[in-house]
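Just so you know, we're using UniProt numbering here: the sequence shown kicks off at 1 and counts up by one. Think of the CB as a built atom: it goes at the ideal place given N, C-alpha and C, for glycine as much as any other residue.
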Amino acid sequence: EGCREGGGDMAARGAGGLCAQGAGGLALLGLAPGAPSCPHGPALLFVKTSQGREEGRRFYACSACRDRKDCNFFQWEDEKVSEARLAAREEYNRNHQPSFTHRQNVERYNNFVLLPLSKRRFCQECQQLLLPAEWEKHSDHQFLCDVSSAQLKSPSQLLYPLENKKTNAQYLFADRSCQFLLNLIIDLGFRRVLSVGTPRLHEMIQSKASQEEDFRVRSLLLDIDFRYSQFYTEDEFCHYNMFNHYFFGREASYETCRKFLNQDNDERVIMVTDPPFGGLVEALASSFKKLMTMWKETEKEDHNNQEMPMFWIFPYFFESRILEFFPSFSMMDYQVDYDNHALYKHGKTGRRQSPVRIFTNLTPSMIVLPVEEGYRFCAICQRYVSSGNQHCEICDSCTSKDGRRWKHCPLCKKCVKPSWFHCYNCNCCALQNHTCEKTGAGCYVCGKAGHKRSTCPSLS
Ligand code: SAH
Ligand code: ZN
Ligand code: ZN
Ligand code: ZN
Ligand code: ZN
Numbered sequence: 001e002g003c004r005e006g007g008g009d010m011a012a013r014g015a016g017g018l019c020a021q022g023a024g025g026l027a028l029l030g031l032a033p034g035a036p037s038c039p040h041g042p043a044l045l046f047v048k049t050s051q052g053r054e055e056g057r058r059f060y061a062c063s064a065c066r067d068r069k070d071c072n073f074f075q076w077e078d079e080k081v082s083e084a085r086l087a088a089r090e091e092y093n094r095n096h097q098p099s100f101t102h103r104q105n106v107e108r109y110n111n112f113v114l115l116p117l118s119k120r121r122f123c124q125e126c127q128q129l130l131l132p133a134e135w136e137k138h139s140d141h142q143f144l145c146d147v148s149s150a151q152l153k154s155p156s157q158l159l160y161p162l163e164n165k166k167t168n169a170q171y172l173f174a175d176r177s178c179q180f181l182l183n184l185i186i187d188l189g190f191r192r193v194l195s196v197g198t199p200r201l202h203e204m205i206q207s208k209a210s211q212e213e214d215f216r217v218r219s220l221l222l223d224i225d226f227r228y229s230q231f232y233t234e235d236e237f238c239h240y241n242m243f244n245h246y247f248f249g250r251e252a253s254y255e256t257c258r259k260f261l262n263q264d265n266d267e268r269v270i271m272v273t274d275p276p277f278g279g280l281v282e283a284l285a286s287s288f289k290k291l292m293t294m295w296k297e298t299e300k301e302d303h304n305n306q307e308m309p310m311f312w313i314f315p316y317f318f319e320s321r322i323l324e325f326f327p328s329f330s331m332m333d334y335q336v337d338y339d340n341h342a343l344y345k346h347g348k349t350g351r352r353q354s355p356v357r358i359f360t361n362l363t364p365s366m367i368v369l370p371v372e373e374g375y376r377f378c379a380i381c382q383r384y385v386s387s388g389n390q391h392c393e394i395c396d397s398c399t400s401k402d403g404r405r406w407k408h409c410p411l412c413k414k415c416v417k418p419s420w421f422h423c424y425n426c427n428c429c430a431l432q433n434h435t436c437e438k439t440g441a442g443c444y445v446c447g448k449a450g451h452k453r454s455t456c457p458s459l460s
């Protein structure tokens, strides 16, 4: 692939989520019919932009991997690809699929649980449950021995989180947040959870379902991390790419998902998703709309004009982007905490604030946030808000996005972060030590030139 150097780099940046309309950014044109495929399913079409205009040749790049090291697929849209190269690519894609199928992994699991504890080994290097005949092959790898049934029920603890920021960005819910989400789901009356990129929530549901007799909730996990296929059957896990709505297990797996969404006897469905924060909001939105359509198609007449209920867990600074695609959504003040993310974790002191929120199309007043964690109900806004979030009389809403008390700027005619001051040069509020009219690459959040994400005016 001759153009890998320049193009590949653009691809990496494109999928890295540079602002779609940025000055000198990249625009995602989306899933094109007849797009070429990489091992991660159909590639997405991108174009380089300058001052909001398309500039240069359009190209395809991997939908899932934002790091070239993980997948370097690149092709110009108008590039002629020879038969020989197509064949080579197909073979490459085949060779880059997991070594066992999901079916095989289920069978391996069934054999694994029959083994006595002393023979249950997990290879930490290959991230794989081992059967005794395979020990030899892994003899110079690190094992975990005596894998218990409890450990098999918590694969998210057994597997190491894929933290490489660009591709998987696997950040696991802190127990408190996971428990909160599940209780909320149950209190709202849902009985089925489509867990899209939320393995820990799925795991909590699965493990309760196997332990508590009167626990009625079921979950289907959709995730690109195929390691989970070692622990769940084909009815519990689908290998799925949420950036291009691609089911790796093709029709059978698609059908599993469709059936799961086809609720009967009053088992209401909610989708919960916690995608990598790297960007590509438009690609995610397009996939989620397709999942919503799968739900709708299976709907009975009585839900005609409704949307599938959804929790989209994402940082607050993406609010405007999410609302662009889902105008019916609102952002909740609840701060979602993570186990393995130093920044998004409530320390013992509770000083660190997580920027991650729940976006939902459910009526905000129904989302009850824990009073013992400081949330309170604002009767005017009709929703629960952070303790520090003051109702602003002028904006007529509780305006804080980050949990701190914000202040109203009469010149900007809106509330801004407490650390901001009105700048008469820029004609908007900003940090005191910002550089006025700074030029350069567009802002990550709104795409406009002149500021970076941290001082983006659209954040308020
Ligand atoms: N907080 C969640 C995990 C979120 S991390 C929990 O604790 O359950 C993001 C998740 O999305 C990971 O499980 C990761 O494997 C998955 N993921 C990353 N890229 C994906 C893609 N392209 N398609 C589907 N899932 C993806
Ligand atoms: Zn790829
Ligand atoms: Zn209010
Ligand atoms: Zn205000
Ligand atoms: Zn101002």
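Checklist entry - Out of curiosity, what's the CA-to-CA distance linking His-239 and Pro-199? => result Using only the alpha carbons, I get a separation of about 12 Å.
Checklist entry - Over what stretch of residues does the alpha helix (DSSP H) that includes Ile-322 continue unbroken? => result Ile-322 -> alpha helix (DSSP H) spans 319 to 325.
Checklist entry - Distance, Cα to Cα, Ile-367 vs Arg-383? => result If I take the Cα positions, the gap works out to 7 Å.
Item to check | Length at least 3, wholly inside the stretch 225 to 285: the beta strand (DSSP E) runs in chain order | outcome: If you keep only unbroken beta strand (DSSP E) runs of at least 3 residues inside the stretch 225 to 285, you get 237 to 241, 269 to 273.
Next on the checklist: Quick check: is any heavy atom of ligand 6 less than 8 Å from the C-beta of Lys-414?
Outcome noted: Here the bound small molecules are ligand 1, ligand 2, ligand 3, ligand 4 and ligand 5; ligand 6 is not part of this structure.
Item to check | Coarse secondary structure for Trp-76, derived from DSSP in three states | outcome: Correct three-state label for Trp-76: strand.
Checklist entry - Is His-239 near ligand 2, going by C-beta to nearest heavy atom under 8 Å? => result Incorrect: His-239 has no Cβ contact closer than 8 Å to ligand 2.
Next on the checklist: I'd like to know if the stretch 127 to 138 and the stretch 186 to 194 are in contact, where contact means that at least 3 CB-CB pairs between them fall below 8 Å.
Outcome noted: No, the stretch 127 to 138 is not in contact with the stretch 186 to 194.
Checklist entry - Tyr-384 lies in the beta strand (DSSP E); which residues open and close that run? => result It spans 383 to 385 - the beta strand (DSSP E) in which Tyr-384 sits, taken as one unbroken run.
Checklist entry - Taking one C-beta from the stretch 313 to 323 and one from the stretch 355 to 364 each time, how about it: are there three or more such pairs within less than 8 Å? => result Yes, since at least three Cβ pairs between the stretch 313 to 323 and the stretch 355 to 364 fall closer than 8 Å, the two stretches touch.
Checklist entry - Leaving out the 5 sequence neighbours to the left and right, which residues in its chain are closer than 6 Å to Arg-218 when beta-carbon positions are compared? => result Answer for Arg-218: Arg-192, listed in chain order.
Next on the checklist: Tell me the rounded alpha-carbon separation between Asp-67 and Phe-237.
Outcome noted: A direct Cα-to-Cα measurement between Asp-67 and Phe-237 gives close to 26 Å.
Next on the checklist: Helix, strand or coil for Cys-178? Go by DSSP, reduced to three states.
Outcome noted: Helix at Cys-178.
Item to check | Separation of Gln-211 from Phe-180, as counted between CA atoms | outcome: Roughly 19 Å separates the two Cα atoms.
Checklist entry - Leaving out five residues before and five after Thr-455 in sequence, what residues of the same chain have Cβ atoms less than 7 Å from its Cβ? => result Once the five neighbours on either side are set aside, the close Cβ partners of Thr-455 are Ala-430, Leu-431, His-434.
Item to check | Which of helix, strand or coil DSSP assigns to Glu-297 | outcome: In the structure shown, Glu-297 sits in a helix (DSSP, three-state: H, G or I).
Item to check | Own chain residues within Cβ distance below 7 Å of Pro-370, not counting five before or after | outcome: Taking Pro-370 as the centre and dropping the five residues before and after it, the same chain places the C-beta of Phe-180 closer than 7 Å to its C-beta, in chain order.
Checklist entry - Smallest Cα separation from Ser-118: which of Arg-53, Asp-235, Ala-379, Asp-146? => result Among Arg-53, Asp-235, Ala-379, Asp-146, the Cα nearest to that of Ser-118 is on Asp-146.
Checklist entry - Just to confirm, are Val-196 and Pro-275 a CB contact at a threshold of 9 Å? => result Yes, the pair counts as a contact, with Cβ atoms nearer than the cut-off.
Item to check | Cβ-Cβ separation, Val-281 to Ile-322 (assumed contact under 8 Å), whole Å | outcome: About 7 Å; that satisfies the 8 Å criterion.
Checklist entry - How many Å lie between Pro-309 and Phe-277 at the Cα? => result Whole-angstrom Cα-Cα distance: 21 Å.
Checklist entry - What residue from Asn-105, Gly-25, Pro-39, Val-106 has the CA that sits closest to Gly-56's CA? => result Gly-56 has its Cα closest to that of Gly-25, out of Asn-105, Gly-25, Pro-39, Val-106.
Item to check | ligand 1 heavy atom lying under 8 Å from the CB of Cys-178 | outcome: For Cys-178, the distance from the CB to the nearest heavy atom of ligand 1 is below 8 Å.
Checklist entry - Phe-215 by DSSP, collapsed to three states: which one? => result When secondary structure is reduced to three states using DSSP, Phe-215 falls in the coil class, being assigned neither helix nor strand.
Item to check | Helix, strand or coil at Met-308 according to DSSP, with G and I counted as helix | outcome: In this structure, Met-308 counts as coil in the three-state DSSP scheme.
Next on the checklist: Can you tell me where the beta strand (DSSP E) holding His-408 begins and where it ends?
Outcome noted: For His-408, the enclosing beta strand (DSSP E) begins and ends at 407 to 409.
Item to check | Stretch pair the stretch 389 to 400 + the stretch 409 to 420: three plus CB contacts closer than 8 Å | outcome: Using a Cβ-Cβ distance cut-off of 8 Å, the stretch 389 to 400 and the stretch 409 to 420 are in contact, since at least three pairs of beta carbons, one from each stretch, lie closer than that value.
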